[in-house]
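Heads up: the structure comes next, in structure tokens.
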Amino acid sequence: MKKHDELPITHEDPLISFLHIAIKVAVRILAILMVLVIFWGVADVVYVLYEQLILPPFMLLDISDILKVFAAFLTVLIAIEIYQNIVLYLRTDVIPIKLVVATALMAISRKVIIFDFKEVSPMYVLATSAVVLALGVTYFLLSEKYEKKIDSKAS
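In the working numbering, each residue carries its 1-based index in the sequence shown increased by 330.
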């Protein structure tokens with residue numbers, strides 16, 4: 331991946347150089363914290379699964395229990411996606427738009443998977459579906475296959 335210079339370490343203004351270094355340090359701290367959140371999330375998945383399995387009826391899960399476990403799993407996967415965003419940012423100094431959109435798509439999909447249709451209104455479902463559609467179209471437009479089709483038609 332090509333390195334960009336949105337936050338170069340050297341700059342003619344020493345204050346700006348210092349601030350760029352400070353931002354890089356802050357992003358590294360965020361990466362460390364995100365790894366801790368991921369491990370905390372994995373422990374939470376284990377705890378949620380254990381908690382659901384020991385409740386009566388013993389070792390059986392109903393649909394709501396399965397949705398709780400799915401929610402915990404998906405939360406960890408979203409944290410991993412955010413960590414990948416941070417690492418990619420550290421490598422390239424550019425916000426990886428496609429990965430950010432994919433992370434948002436995964437987060438909203440998690441929301442859809444754990445919907446309790448007894449508690450959400452039809453308008454909420456409609457609004458959520460509009461967000462999913464918008465993110466899906468955005469992801470498609472950012473995809474390499476779509477860009478190649480556009481490039482081949484232009485030449």
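Note that beta-carbon positions come from the ideal geometry of N, C-alpha and C, so glycine has one too.
Asked                                                                                                                                                                                    : Found
Taking all protein chains shown into account, decide if residue 393 is buried (16 or more other Cβ within 10 angstroms of its Cβ) or exposed.                                            : exposed
Kindly list the residues whose CB is nearer than 6 Å to the CB of residue 438, restricted to its own chain and excluding five residues on each side of it in sequence; keep chain order. : 461, 462
How many whole angstroms separate the CB atoms of residue 436 and residue 407, which I take to be in contact at a CB cut-off of 8 Å?                                                     : 7 Å
Assign residue 441 to one of three DSSP states: helix, strand, or coil.                                                                                                                  : helix
At the level of alpha carbons, what is the spacing between residue 395 and residue 443?                                                                                                  : 13 Å
I'd like to confirm something about residue 351: is its beta-carbon nearer than 7 Å to some heavy atom of the ligand MN, or not?                                                         : This structure lacks the ligand MN; in fact it carries no ligand of any kind.
Shortest alpha-carbon distance to residue 374 belongs to which of 409, 354, 345?                                                                                                         : 409
For residue 374, does the three-state DSSP call read helix, strand or coil?                                                                                                              : helix
In or out: residue 419 buried (at least 16 other Cβ within 10 Å) or exposed?                                                                                                             : buried
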